[in-house]
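Following this line, the structure appears as structure tokens:
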């Protein structure tokens, strides 16, 4: 995939970021422990054990002092930056070999 095409896909995804605000449903895989207890009848032991050891940088995709849409965009851009850096490091490791 060339760079121009990849950048176009990223831009389209960024434009679609606020679509998550159109629903009250939770995003797939972002359920809290009460959701698991309700749906499964129990809380998986690994999730119960680690629930206090992980704290999100932007909980609920919110940027303090700003609206929801700003928080969504900040979260999306931060996620893109982290993934970009990750793949750059992997690419350089592979290129050295």
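Numbering (the numbering used here), first residue to last: 10 to 106.
Quick reminder that beta carbons are idealized off the backbone N, C-alpha and C, glycines included.
Problem - Proximal residues to residue 81 (C-beta, below 6 Å), its chain only, five neighbours per side dropped - result: Within the chain shown, residue 81 is the residue found at index 72, counting from 1. So the list reads 26, 27 and 70, once near-sequence residues are dropped.
Exercise for the section: Take residue 89 and list the residues in its own chain whose beta-carbon comes closer than 7 Å to its own, dropping the five residues that flank it on each side. Expected result: The count along the chain shown starts at 1 and reaches residue 89 at position 80. If we look at residue 89 and ignore the five residues flanking it on each side, its Cβ neighbours are 19.
Practice task
Give the straight-line distance between the Cα atoms of residue 67 and residue 42, rounded to the nearest whole angstrom.
Solution key: As a first step, residue 67 is located in the chain shown; it is residue number 58 there, counting from the start. As a first step, residue 42 is located in the chain shown; it is residue number 33 there, counting from the start. Answer to the nearest angstrom: the Cα atoms are 18 Å apart.
Handout entry: Span of the alpha helix (DSSP H) around residue 19
Key = For this step, residue 19 is matched to residue 10 along the chain shown. Segment 12-24, the alpha helix (DSSP H) holding residue 19.
Exercise for the section: Return the CA-CA distance between residue 83 and residue 50, expressed in angstroms with no decimal places. Expected result: For the purposes of this step, residue 83 is identified with residue 74 of the chain shown, where counting begins at 1. For the purposes of this step, residue 50 is identified with residue 41 of the chain shown, where counting begins at 1. For residue 83 and residue 50, the distance between alpha carbons rounds to 35 Å.
Handout entry: Beta-carbon proximity check, residue 87 vs residue 23, cutoff 8 Å
Key = What you label residue 87 is simply residue 78 of the chain shown in a count that begins at 1. What you label residue 23 is simply residue 14 of the chain shown in a count that begins at 1. For residue 87 and residue 23, no; Cβs fall outside 8 Å.
Problem - Rounded straight-line distance, which links the Cα of residue 73 to that of residue 34 - result: Within the chain shown, the letter at position 25 stands for residue 34. Within the chain shown, the letter at position 64 stands for residue 73. The alpha-carbon atoms of residue 34 and residue 73 are separated by roughly 22 Å.
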